[in-house]
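See below for the structure under consideration.
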RNA sequence: CGGGGCGUAGCUCAGUUUGGCUAGAGCGCUUCGUUCGGGACGAAGAGGCCGACGGUUCAAGUCCGUCCGCCCCGACCA
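In the working numbering, the protein residues as written are 1130 to 1543.
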């Protein structure tokens, strides 16, 4: 992509309304724009990041045997009345009546719908176990949307559901998902903690949350550095209940939550199967969520400096930024174009071909945070060299420009 | 929904206390020139229903009322 033709628009000044680091940087680097409180447009750069995260999620889900499907965002309110969650959801669920007088809602989550789908397909124990997942927009009329995409009324979630014949099968799939989640968050460049959690309106008997330590987090956990116990903050709790060690508070962002649901939903909607023994039993379920859009904010919270975002390799909107400092110099342009064209075959490359001053290019490059950049300047070119800079630590190296392509390739693959 | 803050150019903000001629600055944008390794400089331009509606007044960005929107804290939240 050529910057001069792209829809990238950066902001020099800090938007006053954005308080959290990630929200500010998302606005400044042109990832998102607000439509109204709680609803955000993803601009091309932001969408690239979103797609990269989705890709990681898909790969890890597929790797553990989960199959992707897509459920409707529109749901009959009736399903929620049956599961007993209609009242529980309260005003968080967006409801309306359609022209035929049908009571509809915009899905805040999909346990009811997936259970309905599965119960109509599964008859026998031979069809189990199965794990299904989707990546989809959820709608929640939040009491208080905040911090940009951190808590929005419309957001993207990966939700997976496992279906087993018994608790033993559920335990196995639950464990499988825990491991997949760890891989996903690691690939996203996050350091995270897991904590036992309350099942809340989901119901079920066991649940685990994935928490990303960050100053703008909405939750607070207590961590014992002695025995590594981590739990949601409770009033009155001063010493570690396990080893009596000191507890530290840490604000965190919840990026994932997994639940052992058991038979809560299968019982009410009669999702049953015939076992090997000929007996009819309810399907044993688990559900597993990741806040995909929220992950972008969490990643930025943990990967930034005063100059801007520092994208982890796998989620970065581009692999490489090619920055010719003076586009009107023919040699500079020629070398930049050559590097750009040759590397674009294999990688996502952004070419800053704007006729702008170097200072502006450096500032923008730092802000949008592409992990690696190659700077082509007249002085170095005269010595036959171009400059490679890593965004992470601004580490700089010089390479001969006729071998630049292979050097960069090596760097990108390494 | 309770408490607090704020709405003036694309962005950041003056101006409102004490009403007064044609509403300002910086950045950004357009054109020209000089520049060119960390958000340059000069010149000339474009860009505003001062959130909306109603009231007070000879006169409202400024005072009063209602509404809308945005941000923060709280309650709430897979």
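Beta carbons are placed, not taken as given, at the ideal position from N, Cα and C, and that holds for glycine. The structure presented is a predicted model; accordingly, all values stated were derived computationally and were not measured.
(request) Provide the residue span of the alpha helix (DSSP H) that contains residue 1324, from first to last. (result) On the first chain, residue 1324 is found 195 positions in, with the first residue counted as 1. From DSSP, residue 1324 is part of no alpha helix (DSSP H) but of the beta strand (DSSP E) over 1322–1325.
(request) Have a look at 1428, 1258, 1287, 1543 and flag the residue whose alpha-carbon is nearest the alpha-carbon of residue 1266. (result) Position 137 of the first chain holds residue 1266. Ranking 1428, 1258, 1287, 1543 by CA distance to the CA of residue 1266 puts 1287 first.
(request) Just list the beta strand (DSSP E) runs in the segment 1375–1441, keeping only unbroken ones of 3 residues or longer that don't cross its boundaries, in chain order. (result) 1376–1391, 1401–1403, 1409–1411, 1413–1420
(request) Would you list, in sequence order, the uninterrupted alpha helix (DSSP H) runs of no fewer than 4 residues that lie entirely inside the segment 1221–1254? (result) 1240–1250
(message) I want to know whether the segment 1207–1220 touches the segment 1375–1392 - three or more CB-CB distances under 8 Å.
(response) no
(request) With DSSP collapsed to three states, give me the class of residue 1340. (result) Here residue 1340 refers to the residue found at position 211 when the first chain is read from its first residue. In the structure shown, residue 1340 adopts extended strand secondary structure according to DSSP, grouped into three states.
(request) Mind listing, in chain order, the continuous alpha helix (DSSP H) runs of no fewer than 4 residues lying wholly within the segment 1447–1506? (result) 1459–1473, 1487–1497
(message) Can you tell me whether residue 1429 sits near the ligand GTP, meaning its C-beta is under 7 Å from at least one heavy atom of the ligand?
(response) Annotation note on the ligand GTP: not contained in the displayed structure, which lists no ligands.
(message) I need the DSSP call for residue 1262, collapsed to helix, strand or coil.
(response) Along the first chain, read from residue 1 onward, the residue named residue 1262 stands at position 133. Three-state result, residue 1262: strand.
(request) Compare the beta carbon distance of residue 1276 and residue 1247 with 8 Å and say whether it is the shorter of the two. (result) On the first chain, position 147 is the one that residue 1276 refers to. On the first chain, position 118 is the one that residue 1247 refers to. No, the Cβ-Cβ distance between residue 1276 and residue 1247 is not below 8 Å.
(request) Report the option in 1202, 1196, 1144, 1130 whose CA atom is closest to the CA atom of residue 1173. (result) The residue given as residue 1173 occupies position 44 in the first chain. Checking every option, the nearest Cα to that of residue 1173 belongs to 1130.
(message) Less than 8 Å between the beta carbons of residue 1356 and residue 1337, yes or no?
(response) Start at 1 with the first residue of the first chain, and residue 1356 comes out as number 227. Start at 1 with the first residue of the first chain, and residue 1337 comes out as number 208. Between residue 1356 and residue 1337, the CB-CB gap reaches or exceeds 8 Å.
(request) For residue 1526, count neighbouring Cβ atoms within 10 angstroms of its own Cβ and tell me buried if that reaches 16, exposed if not. (result) As a position in the first chain, residue 1526 is number 397, starting the count at 1. The residue is exposed, with fewer than 16 neighbouring Cβ atoms inside 10 Å.
(request) Within the same chain, show all residues whose beta-carbon is closer than 8 Å to that of residue 1179, passing over the 5 residues directly before and after it, in chain order. (result) Residue 1179 sits at position 50 when you count from the first residue of the first chain. 1171, 1285, 1421, 1422, 1425.
(message) Pop quiz: residue 1457 and residue 1482 are said to be a contact at Cβ under 8 Å. What is the actual Cβ separation, rounded to whole angstroms?
(response) Sequence index remark: in the first chain, residue 1457 carries index 328 (1-based). Sequence index remark: in the first chain, residue 1482 carries index 353 (1-based). At roughly 11 Å, the Cβ-Cβ gap does not stay under 8 Å, so residue 1457 and residue 1482 are not in contact.
(request) Let me know the secondary structure DSSP gives residue 1143 once reduced to three states. (result) One-based indexing of the first chain puts residue 1143 at position 14. Coil at residue 1143, not helix or strand.
(request) Output the distance between the C-alpha atoms of residue 1323 and residue 1469, rounded to the nearest integer angstrom. (result) Position 194 of the first chain, counted from the first residue, corresponds to residue 1323. Position 340 of the first chain, counted from the first residue, corresponds to residue 1469. The alpha-carbon atoms of residue 1323 and residue 1469 are separated by roughly 42 Å.
(request) Answer yes or no: do residue 1310 and residue 1243 have a C-beta to C-beta separation smaller than 8 Å? (result) By 1-based counting over the first chain, the position of residue 1310 is 181. By 1-based counting over the first chain, the position of residue 1243 is 114. Contact: no.
(request) Out of 1435, 1500, 1486, 1307, point me to the one whose CA is closest to residue 1110's CA. (result) Within the shown structure, residues of the chain are numbered from 1130 to 1543, placing residue 1110 beyond reach of any answer.
(message) According to DSSP, is residue 1198 part of a helix, a strand, or is it coil?
(response) Stepping through the first chain from its first residue, residue 1198 is reached at position 69. Residue 1198 falls in the coil class under three-state DSSP.
(message) What does the Cβ neighbour count give for residue 1317, buried or exposed, with the cut at 16 atoms within 10 Å?
(response) As a position in the first chain, residue 1317 is number 188, starting the count at 1. By the 10 Å Cβ count, residue 1317 comes out buried.
(request) Go to residue 1204, then tell me how far its alpha helix (DSSP H) extends in each direction, as first and last residue. (result) The residue you call residue 1204 lines up with position 75 of the first chain. First-last for residue 1204: 1203–1205, but that is the beta strand (DSSP E), not the alpha helix (DSSP H).
(request) Would you kindly report the start and end of the unbroken alpha helix (DSSP H) that includes residue 1186? (result) By 1-based counting over the first chain, the position of residue 1186 is 57. Per DSSP, residue 1186 belongs to the alpha helix (DSSP H) from 1173–1192.
(message) Just to confirm the assignment, what range does the alpha helix (DSSP H) spanning residue 1296 have?
(response) The sequence position of residue 1296 within the first chain is 167, counting from 1. Taken as a continuous stretch (DSSP letters only), the alpha helix (DSSP H) holding residue 1296 covers 1296–1316.
(request) Specify the secondary structure class of residue 1443 as computed by DSSP and reduced to three states. (result) As a first step, residue 1443 must be located in the first chain, where it is residue number 314. Looking at residue 1443 - three-state DSSP - the assignment turns out to be coil, as it is neither helix nor strand.
(request) Out of 1197, 1190, 1451, point me to the one whose CA is closest to residue 1305's CA. (result) Sequence index remark: in the first chain, residue 1305 carries index 176 (1-based). Looking at the Cα atoms, 1190 is the closest of the given residues.
(request) Please name the residue, chosen from 1493, 1530, 1252, that lies closest to residue 1128 on a Cα-to-Cα basis. (result) Nothing can be reported for residue 1128, as the shown portion of the chain is limited to 1130 through 1543.
(message) If you measure between the beta carbons of residue 1202 and residue 1303, is that distance less than 8 Å?
(response) As a working note, residue 1202 is residue 73 in the first chain. As a working note, residue 1303 is residue 174 in the first chain. Cβ distance not < 8 Å, so residue 1202 and residue 1303 don't count as in contact.
(request) To the nearest angstrom, report how far apart residue 1467 and residue 1394 are at their CA atoms. (result) Residue 1467 sits at position 338 when you count from the first residue of the first chain. Residue 1394 sits at position 265 when you count from the first residue of the first chain. So the two alpha carbons sit approximately 59 Å from each other.
(request) Flag this pair as yes or no: are the beta carbons of residue 1515 and residue 1509 separated by less than 8 Å? (result) Numbered from its first residue, the first chain carries residue 1515 at position 386. Numbered from its first residue, the first chain carries residue 1509 at position 380. Result yes, Cβ atoms of residue 1515 and residue 1509 sit closer than 8 Å.
(message) Given a cut-off of 8 Å on the beta-carbon distance, is the pair residue 1546 and residue 1381 in contact?
(response) Nothing can be reported for residue 1546: it is not among the residues displayed for the chain, which extend from 1130 to 1543.
(message) With H, G and I counted as helix, E and B as strand and the rest as coil, what does DSSP make of residue 1137?
(response) Indexing the first chain from 1 puts residue 1137 at position 8. Three-state result, residue 1137: coil.
(request) Check whether the Cβ atoms of residue 1150 and residue 1433 sit closer than 8 Å, and answer yes or no. (result) Start at 1 with the first residue of the first chain, and residue 1150 comes out as number 21. Start at 1 with the first residue of the first chain, and residue 1433 comes out as number 304. Yes, these two residues count as a Cβ contact at 8 Å.
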